[in-house]
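2 protein chains.
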Amino acid sequence: MIIDVHGHFTTAPPKLNAWRARQVALMEDHRPSPPVDELDITDDEIRASLEPAQLRLQRERGTDVALFSPTAGGMGHHIGVAETSRVWSEVVNDLIFRVCTLFPENFVGVCQLPQTPGVSPANCVDELERCVNELGFVGCNLNPDPTGGFWRDPPITDPYWYPIYEKLVELDVPAMLHVSGSANRNFHLTGSHYINADTAVFMQLILSDLFKTFPGLRLVIPHGGGAVPYHWGRYRGLAQDLGRPTLEEGLLHNVFFDTCVYGQSGMELLTRVVPLENVIFASEMIGAVRTIDPESGAYFDDTKRYLDAIPELSVADRQLIFEDNALRVYPRLGAALERQRGSH
Amino acid sequence: MIIDVHGHFTTAPPKLNAWRARQVALMEDHRPSPPVDELDITDDEIRASLEPAQLRLQRERGTDVALFSPTAGGMGHHIGVAETSRVWSEVVNDLIFRVCTLFPENFVGVCQLPQTPGVSPANCVDELERCVNELGFVGCNLNPDPTGGFWRDPPITDPYWYPIYEKLVELDVPAMLHVSGSANRNFHLTGSHYINADTAVFMQLILSDLFKTFPGLRLVIPHGGGAVPYHWGRYRGLAQDLGRPTLEEGLLHNVFFDTCVYGQSGMELLTRVVPLENVIFASEMIGAVRTIDPESGAYFDDTKRYLDAIPELSVADRQLIFEDNALRVYPRLGAALERQRGSH
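The listed protein sequences correspond, in order, to chains A and B. Each position in the first sequence, counted from 1, maps to that position plus 30 in our numbering. Each position in the second sequence, counted from 1, maps to that position plus 30 in our numbering.
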């Protein structure tokens, strides 16, 4: 089985963004969110948004199932107040639940959290519980910079964040550390804000004893770990110079990298420097780069293709990357797949 | 000849930082900088700070000359006002000049600029001219985030920055885009602020026609280009999706990456994906990582060693990386070397 742990509903019916636009306009007017039942997306509209897109590409690329979450760039935690974020998160998580109900063999849910700058992540606990316990989701996206590119909240290793970690450990679900929109004109969304966040959180973790406090916490760093694998020697060296544990001892029981790296050389680097127990297949399809590479004739984000072309990876290595690591890091995934596929 | 284009005077005599500490304390009291002649560093103190450090390592590693600038983390553009930055930049640039005068075979000067958040880079033109025309420096470090990790000034592609680009082109010297200290606790200095800045500026350049306006402008991105070479496919794909020129057409006549990558796999990636005309030897020695890698038994930042161990690099390739690219990108370097070595 080939599990893609990083997919977003970037192709959601336009009604979704229209509802969000109304919500933001009302919020700017200090008025409450529009009624949720104004969002009358039909099952057929959901099917039509996925069939020629993620579902077609799953078939073409030979991947089986995607962990599916609301569009990361659309989480927009920096917009509005806590109530804005709460309502919006419920709306998009419910939509993901409908996707997983309509296509139980193809998608398993991962939720957005109702984060807000300066508001304790304790505020996210209820929605996380609802998504895991009631909707059957297997993980969440946790935004390390709810301020949208200005990085004014505390680092993810600060006790500020502990309430959400306690709940993650209790529910035994991991978080993917994934930022949302950039309101800072210095940072392009997918070209630098995403990648820089991945790099920043890894360095925060090097400096911290977070996993001594939360040995059961598991964090997935997307986009191939940002700059980290390329600068693996820098991070190994910094850990040593700063008197921190080695990366293996200090971080790699708890930190995992996805394979959203859109080139052969990058993928080879990732699988060469990072222990394969820490590499989890993902494509972010349909996401940051949507076109075909004229040099290879294949989609840039067809990350399976790059992995298939690495001869050093044994059958056992591929089993780890494509399936076993995902099932281990997302312990609720096995049961979710059985349940969803059994119900079909 | 082996030219290292990225070295900082990180081992400067402690009197330098003591003077700076006095300057900052006075500034916080709204008082002017201490007299520059209070900084009584002797030639012997300069020699003693370099001999067991950069000079020894140059000999041990077999590199010939380093482009040498004030400590990047110490530029501290976010501290104080324009006058603070002007005086401090003159102090440290003058110290670099003394280094180059004492060791004309080993060091060629690169200057710090007196940047200040919200103050036009036009304010840096005089110091750049002084360093190039009077002190014989061959380049400068330009900080793309004078706000110290908060990224509140405009992107480097904004006309805000044009006055300094005009002067760089007129003087025919390149800028290395190098941030300084991080006042943002989310960003570790050398572990994420540096690397993230490198990534951010590359993406800013993809989105802009800056080099149509300044075809003669040359920018060096340090630390192996941040995350860029690892995610080369992402950047190629983003350029295509956004309707921008290819990286080769749009950027690579003007943008160069140094080789400050502290591992064999990373260096192989860099030299495989980036055209070798755009790769310039550097080590950042003595800088971010100062110890020996227990796995290899060699210094993490002995970047020449990684290059030496890449068999695919021909003699001509190595000539480009170690010498020719530096002489081409820093056109005043050849004459500076002749002049300095002739004077010896």
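Heads up, the beta-carbon is just placed ideally off N, CA and C, and yes, glycines get one too.
Contacts with chain B at 8 Å (Cβ-Cβ) do not include A/Q145.
Only exposed fits A/P189, as fewer than 16 other CB atoms lie within 10 angstroms of its CB. Using a C-beta cut-off of 8 Å, the stretch 133 to 140 of chain A makes contact with the stretch 96 to 109 of chain A, since at least three inter-stretch Cβ pairs fall below that distance. Our two residues, A/G211 and B/G92, have alpha carbons roughly 47 Å apart in a direct line. Residue state for B/C154 is assigned as helix, using DSSP reduced to three classes.
Using beta-carbon distances, A/F330 counts as an interface residue toward chain B, with a partner under 8 Å. Any Cβ of chain B closer than 8 Å to the Cβ of A/V291 would place that residue at the interface, and such an atom is present. In the three-state reduction of the DSSP assignment, B/N171 falls in the strand class. Around the beta carbon of B/S222, 16 or more other beta carbons sit within 10 angstroms, so the residue counts as buried. Within the stretch 173 to 193 of chain A, the residues whose Cβ lies closer than 9 Å to some Cβ of chain B are P174, D175, G179, F180, W181, R182, D183, P184, P185, I186 and D188, listed in chain order. Interface criterion not met: the Cβ of A/T131 is under 8 Å from no Cβ in chain B.
The Cβ-Cβ distance between A/G263 and B/D323 falls below 8 Å. With the criterion set as a beta carbon lying under 8 Å from some beta carbon of chain B, the members of the stretch 256 to 275 of chain A are G256, A257, P259, Y260, H261, W262, G263, R264, Y265, R266, G267, L268, Q270 and D271, in sequence order.
In this structure, the alpha-carbon of B/Y192 lies about 28 Å from that of B/L306. The residues T276 and L277, in chain order, have a CB closer than 8 Å to that of A/R266 in the same chain once the five nearest residues on each side in sequence are set aside.
For the 8 Å CB-CB criterion, A/V303 and A/P259 form a contact. CA-to-CA, the gap between A/A213 and A/G104 works out to about 12 Å. According to DSSP, B/A96 shares a beta bridge with B/D34 and B/F137. For A/F330, the closest of A/T289, A/L363, A/L350 and A/G179 by C-alpha to C-alpha distance is A/T289.
Taking a C-beta cut-off of 8 Å against chain B, none of the residues of the stretch 340 to 357 of chain A qualify. Rounded to whole angstroms, A/H38 and B/H261 show a C-alpha spacing of 20 Å. Taking 8 Å as the CB threshold, B/H208 stays off the interface with chain A. Boundaries of the beta strand (DSSP E) around B/D288: V285 to D288. Every unbroken stretch of the beta strand (DSSP E) spanning 3 or more residues and falling wholly within the stretch 167 to 232 of chain B is given here in chain order: 169 to 172 and 205 to 207.
At least one CB of chain A lies nearer than 8 Å to the CB of B/I225. Under the three-state reduction of DSSP output, A/I76 falls in the helix class. Counting along the chain, B/V303 sits inside the alpha helix (DSSP H) bounded by residues Q294 to V303. By the 16-neighbour rule on beta-carbons within 10 angstroms, B/K334 is buried. Neighbourhood of A/G103 in chain B, by CB distance below 8 Å: empty, with the nearest CB roughly 14 Å away. Taking each of B/K197, B/V203, B/E314 and B/E200 in turn and checking the Cα distance to B/G254, the smallest one comes out for B/E314.
If the five residues before and after B/L201 are omitted, its C-beta is found closer than 6 Å to the C-beta atoms of V162, all from its own chain and listed in chain order. Take the alpha-carbon of B/Q145 and the one of B/P185: they are about 14 Å apart. Cβ neighbours of A/L272 within its own chain (closer than 8 Å, five residues either side excluded): I236 and L237. Contact between A/P176 and A/H218 does not hold, since the beta-carbon distance rounds to 19 Å and is not under 8 Å.
Put simply, the CB of B/D323 is near chain A, with a gap under 8 Å to one of its CB atoms. In the three-state DSSP reduction, A/I316 falls in the coil class, being neither helix nor strand.
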